[in-house]
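Novice:
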Amino acid sequence: MAFPLVFAAIGGFITMTASRVISVVAGRKLAEKSRPKPVIAPLKKDERSRKAEADYFRAKSEREQELVNIQADLAKMREVEVLANIEIAKAEAEREERTLVISEKNLQLRKQELELAKTRLKQDIKLAEGQRQQAEKALQLRERELELMAEDLNERRKLSYLNLELQREQEANQIALKLTEIQSNWDRENWAGIISREEMQRLLIEAQKQHRLVMMISPPDISDCPEFNTNLQKEVRSEVKEFLEQHYPLNNDTCPVEYYGKFFKTAIFDAEVKQLESDLSPVPTVVIYSDITDHKIYFHVTFWGLENPLSLTLPWHWKAEQQKLIEQGLTSEDSMITIRQSIIKIHQLLAAFLADLYYLNINPLHQPRLLEMETDIPPEWMQTNLGILKEIQQQKLAEYQQELEKPKFEPIQRFVY
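Going by this note's numbering, the first residue of the sequence shown is number 6, and it counts up by one from there.
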């Protein structure tokens, strides 16, 4: 290469040049050091300059003192802060310790609660099992109770049928005799009935076959009362028929009622009723007939077939009741409609009460149908007539129970030898 040759050629020159440069520079520095410095004369200070310097140094001293005080205050604050941090750290440590203690207690409480829950669960399971067994036993007892009630109801029905059959047999013999009498007594004058002799015989023969209570209602005898002259007789006849067919149908096995709403040609009174009683004496019969005046209605009831025949009169002041309705705000026409409906309702309730009374007398196990109609019965009837029926029912049941408890056979006398 050409570069080494060049370096070799110029190397001595470069070395010499460098030495001279160094010597020149070094010589200049030495000369500068040995040269004396010029003396500068001090400036002459005036009064203002001295005062300014004094003020400066005084302010500087105050500033330095204030800085020292600030540094001291900062040091104290840092010390207070450190102490506060120490207290805070200590308090936090105490809180952490208390929290740890509380957590440990909570854990213990949770464990205790868990144990209590387990114990309670076991008790609940045991209790539920006991309740289940009790429920099963109660269900079995209830089923048995229903079976016994069904058996009792069946026995009561049998006894009811037997009582009715015995009553029918007793009446059948009397009816047979009465049929022979009717043949000779039928053609009497002024007979109030509208059925034929054959129809009367049929009524007696049907009573022989099936026991029933005969219910007859005569048309009301109305005098000087135009308010009642139209349709009242038809309304009473039809409404009572519908009522008895609903609650005491003839095809009922325990309390049949045969209703005659148009048996009589005209309104009747005692003489006609006695004549009818003579012809139908073997057949239990209720006859309801009434007289209507300008201020009252008299309900007459004749009932044979009971142990003691019944004959009574029940007056009702319809005019006074109408006046009360008018005072309550009804018009004369509306109040009259209410009075007519009340007359129909009285006929229905009388018929029901007498039917239940009869069947309670021949069958102590009869359940009065009137008691099942309490919602349709006025409060005054609830307190009187229903109370009477309940008392009769309890009395008949008590008598029936005493009869059942009597010994069936006389005790055998023991002989003493």
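Quick reminder that beta carbons are idealized off the backbone N, C-alpha and C, glycines included.
These figures come from a predicted structure and were not determined experimentally.
Could you name the residues that DSSP lists as bridge partners for TYR363?
Specialist: TYR363 is not bridged to any residue.
Novice: If you draw a straight line from the C-alpha of ASN368 to the C-alpha of HIS216, how long is it?
Specialist: Distance between the alpha carbons of ASN368 and HIS216 is about 13 angstroms.
Novice: Is it true that the segment 304-321 meets the segment 243-256, where meeting means three or more beta-carbon pairs spaced less than 8 angstroms apart?
Specialist: The segment 304-321, when compared against the segment 243-256, does not touch it at the 8 angstroms Cβ threshold.
Novice: Along the chain, where does the alpha helix (DSSP H) that runs through ILE331 open and close?
Specialist: Residues 323-332.
Novice: Quick one: what's TYR264 bridged to in DSSP?
Specialist: Per DSSP, MET220.
Novice: Apply the 10 Å Cβ neighbour rule to THR271 and answer buried if 16 or more other Cβ atoms are within range, or exposed otherwise.
Specialist: Burial call: exposed.
Novice: Report the option in SER347, GLN251, PHE268, VAL73 whose CA atom is closest to the CA atom of CYS3.
Specialist: With the chain running from 6 to 422 in the structure shown, residue 3 is simply not present.
Novice: Take ILE351 as the anchor and find which of THR104, ILE302, ARG115 has the nearest alpha-carbon.
Specialist: Ranking the options by Cα distance to ILE351, first place goes to ILE302.
Novice: Looking only at its own chain, which residues have a Cβ that is under 6 angstroms from the Cβ of ARG419, when we skip the five neighbours before and after it?
Specialist: The predicted model places ARG419 with a pLDDT of 49, which falls under 50 and marks its position as unreliable; any figure quoted below should be read in that light. Answer for ARG419: no residue qualifies.
Novice: Is LEU209 near VAL288, with beta carbons less than 8 angstroms apart?
Specialist: Their beta carbons are under 8 angstroms apart, which means LEU209 touches VAL288 by this criterion.
Novice: Using a Cβ-Cβ cut-off of 8 angstroms, state whether GLU332 counts as contacting chain D.
Specialist: Among the protein chains of the structure shown there is no chain D, as only one such chain exists.
Novice: Would you call ILE417 buried or exposed, if buried means 16 or more other Cβ atoms sit within 10 Å of its Cβ?
Specialist: Residue confidence for ILE417 is low, a pLDDT of 49 falling below 50, so the modelled location carries little weight and cannot support an answer.
Novice: What does DSSP give as the partner residues of LEU317 in its beta bridges?
Specialist: The partner list for LEU317 (beta bridge, DSSP) reads VAL306.
Novice: Compute the beta-carbon to beta-carbon distance between SER3 and ILE273, rounded to the nearest angstrom, for a pair I have assumed lies under 8 angstroms.
Specialist: Residue 3 cannot be examined here, being either before or after the span of the chain that is shown, 6 to 422.
Novice: Between the beta-carbon of TRP321 and the beta-carbon of PHE304, is there less than 8 angstroms?
Specialist: Taking 8 angstroms as the Cβ cut-off, TRP321 and PHE304 qualify as a contacting pair.
Novice: What does a CB cutoff of less than 6 angstroms around TYR294 pick up in its chain, not counting 5 residues either side in sequence?
Specialist: Around TYR294: SER223, ILE273, HIS305.
Novice: Give a yes or no on whether the C-beta atoms belonging to ILE342 and ASP226 are separated by under 8 angstroms.
Specialist: For ILE342 and ASP226, no; Cβs fall outside 8 angstroms.
Novice: Would DSSP call PHE274 helix, strand or coil?
Specialist: Coil at PHE274, not helix or strand.
Novice: Of all the alpha helix (DSSP H) runs that stay within the bounds of the segment 97-142, which reach a length of 4 or more residues?
Specialist: Those alpha helix (DSSP H) runs which fall completely within the segment 97-142 and span 4+ residues do not exist here.
Novice: Can you pull the DSSP bridge partners for ASP226?
Specialist: In DSSP, ASP226 forms a bridge with ASP296.
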